[in-house]
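As structure tokens, the structure follows; a few thoughts come after it.
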Amino acid sequence: MTKHKTILKNYGGFLFVISGPSGVGKDTVVSEIKKLKHPYHYPITITTRKPRIEEIDGTHYFFVNKTKFQELILQDQLLEWANVYGDLYGVPKEPVYKALEKGNQVILKLDVQGALKIKSDFPKSTLIFITAPDSELKSRLIKRMTESNEEISQRLETAKKEKKMIREFDYKINNKNGNLKDTVSQINKIINLVTNTSIK
11 MTKHKTILKN YGGFLFVISG PSGVGKDTVV SEIKKLKHPY HYPITITTRK PRIEEIDGTH
71 YFFVNKTKFQ ELILQDQLLE WANVYGDLYG VPKEPVYKAL EKGNQVILKL DVQGALKIKS
131 DFPKSTLIFI TAPDSELKSR LIKRMTESNE EISQRLETAK KEKKMIREFD YKINNKNGNL
191 KDTVSQINKI INLVTNTSIK
């Protein structure tokens with residue numbers, strides 16, 4: 011049994027993964043959940059991509075260069091990592107382990123391949139797939155002005171493939187335009203349901 015599986019078996023923590031294609035609003039959803047001040051634990055993802063205008067290092071992500079990221083991989087300090095559209099993303103192990111050992115509800119925000127890797131290593135984790143209509147995904151990607159037309163097309167093609175993986179997830183939520191408040195409410199209900207059911 012891996013250390014990952016041992017931790018979830020021996021401690022009272024709960025691991026939730028919010029995932030979905032590029033443009034579904036994962037960052038926005040998690041930001042709104044944080045505003046509710048629930049005692050959830052949010053490990054900060056490490057990435058090699060450049061920060062967007064509104065992003066703050068150490069708050070939204072830890073921004074590092076590829077050399078530093080490779081060092082973290084070699085030192086086995088990442089819970090999981092993935093190459094997403096040429097940029098590297100990874101979750102640091104230590105804060106996740108500590109939070110689970112304390113019995114906390116841990117929320118990770120990951121791409122689809124990262125979410126499935128977590129499920130493989132942490133079978134008791136709960137995966138939540140955030141989706142949205144294709145037309146809305148395109149408009150959101152265009153609006154954030156961080157990708158070229160070619161990159162947007164690539165992400166939309168990838169989104170179609172990722173949506174076919176929904177059956178691998180425990181829950182699906184449609185975060186269509188104007189539905190943010192309901193999306194956040196549904197996620198909180200899922201967290202409460204899973205936590206309370208497990209405690210019983």
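Residue numbers (this note's numbering): 11 to 210. Yeah, the Cβ is synthetic: ideal placement off N, Cα and C, and Gly gets one too.
Residue closest to residue i, alpha-carbon to alpha-carbon, out of the options
i: I56; options: T38, K45, N75; result: N75
i: S130; options: V27, K108, P53; result: V27
i: K127; options: N184, A109, L88; result: L88
i: T205; options: N185, N114, K182, K36; result: N114
i: Y99; options: V106, G124, Y52, F24; result: G124
i: V106; options: Q80, F24, N184, I63; result: F24
i: K182; options: I162, I140, E161, K153; result: I140
i: I201; options: E160, L118, G188, K174; result: L118
i: T69; options: E81, M155, P53; result: P53
i: D97; options: Q80, S158, T58, E111; result: T58
Local Cβ density within 10 Å of residue i, reported as buried at 16 or more and exposed below that
i: T136; result: buried
i: Q83; result: Checking the displayed sequence, the identity of residue 83 turns out to be Ile instead of Gln. Counting Cβ neighbours within 10 Å, I83 comes out exposed, since fewer than 16 surround it.
i: G22; result: exposed
i: L203; result: exposed
i: T207; result: exposed
i: S32; result: buried
i: R165; result: buried
i: D121; result: buried
i: E167; result: exposed
i: K199; result: exposed
i: I162; result: buried
i: E81; result: exposed
i: E111; result: exposed
i: E90; result: buried
Own chain partners of residue i with C-beta closer than 7 Å, once the 5 adjacent residues on each side are dropped
i: M11; result: The predicted model places M11 with a pLDDT of 42, which falls under 50 and marks its position as unreliable; any figure quoted below should be read in that light. None.
i: E172; result: P31, V122
Straight-line Cα distance separating residue j from residue i
i: E178; j: K170; result: 15 Å
i: Y71; j: S29; result: 16 Å
i: H51; j: V116; result: 5 Å
i: Y95; j: P133; result: 27 Å
i: T77; j: E104; result: 20 Å
i: V101; j: I66; result: 17 Å
i: D86; j: A92; result: 14 Å
i: P49; j: K174; result: 33 Å
i: K60; j: F73; result: 7 Å
i: E157; j: K148; result: 11 Å
i: G188; j: K153; result: 16 Å
i: F9; j: I63; result: The first residue shown for the chain is 11 and the last is 210, placing residue 9 beyond what the model contains.
Beta-carbon contacts of residue i that lie in its chain and below 8 Å, excluding the five residues immediately before and after
i: L190; result: G35, T38, V39, E42
i: K186; result: A142, P143, E146
i: A109; result: G23, H51, P53, V116
Cβ-based neighbour list, residue i, same chain, cut-off 6 Å, excluding 5 preceding and 5 following
i: D180; result: T136, L137
i: R150; result: G33
9 Å Cβ cutoff, residue i in contact with chain B
i: I140; result: The structure shown contains no chain B; it is built from a single protein chain.
*For the 8 Å Cβ check, are there 3 or more pairs between the region 40-58 and the region 177-197?*
Three or more beta-carbon pairs separated by less than 8 Å link the region 40-58 to the region 177-197, which places the two stretches in contact.
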